[in-house]
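Worksheet: the structure to be examined is printed underneath.
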Amino acid sequence: MKRLFDMIGMTIGGWIGWAAGAPVSIFTAFIVSMVGTGVGLWATRRYLGRLLP
Numbered sequence: 003m004k005r006l007f008d009m010i011g012m013t014i015g016g017w018i019g020w021a022a023g024a025p026v027s028i029f030t031a032f033i034v035s036m037v038g039t040g041v042g043l044w045a046t047r048r049y050l051g052r053l054l055p
């Protein structure tokens, strides 16, 4: 179940990053999307660490 939430968090983080970087250029969108994916994974694991034992 944790892996499913990890995937959801990574997808949302990547999407937010892509949307933030797309107005600049496609390369910027890609880089910011990778950062957003990592932040999404980190935030999801932190949230689930507090929520689930």
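The sequence shown begins at 3 in our numbering and counts up one residue at a time. Here a beta-carbon is modelled for each residue, glycine too, at the ideal position from N, C-alpha and C.
#1: Would you tell me roughly how many angstroms separate the C-alpha atoms of Gly51 and Met12, rounded to the nearest one?
#2: For Ile33 and Met3, I'd like the C-alpha separation in whole angstroms.
#3: So what does DSSP say about Gly21, is it helix, strand or coil?
#4: Quick one: what does DSSP say Val26 is sitting in, helix, strand or coil?
Quick answer:
#1: Answer to the nearest angstrom: the Cα atoms are 16 Å apart.
#2: As the crow flies, the alpha-carbon of Ile33 is around 28 Å from that of Met3.
#3: What sits at residue 21 in the sequence shown is Ala, not Gly. When DSSP states are grouped into helix, strand and coil, Ala21 belongs to the helix group.
#4: For Val26, the secondary structure class from DSSP, reduced to helix, strand or coil, is coil.
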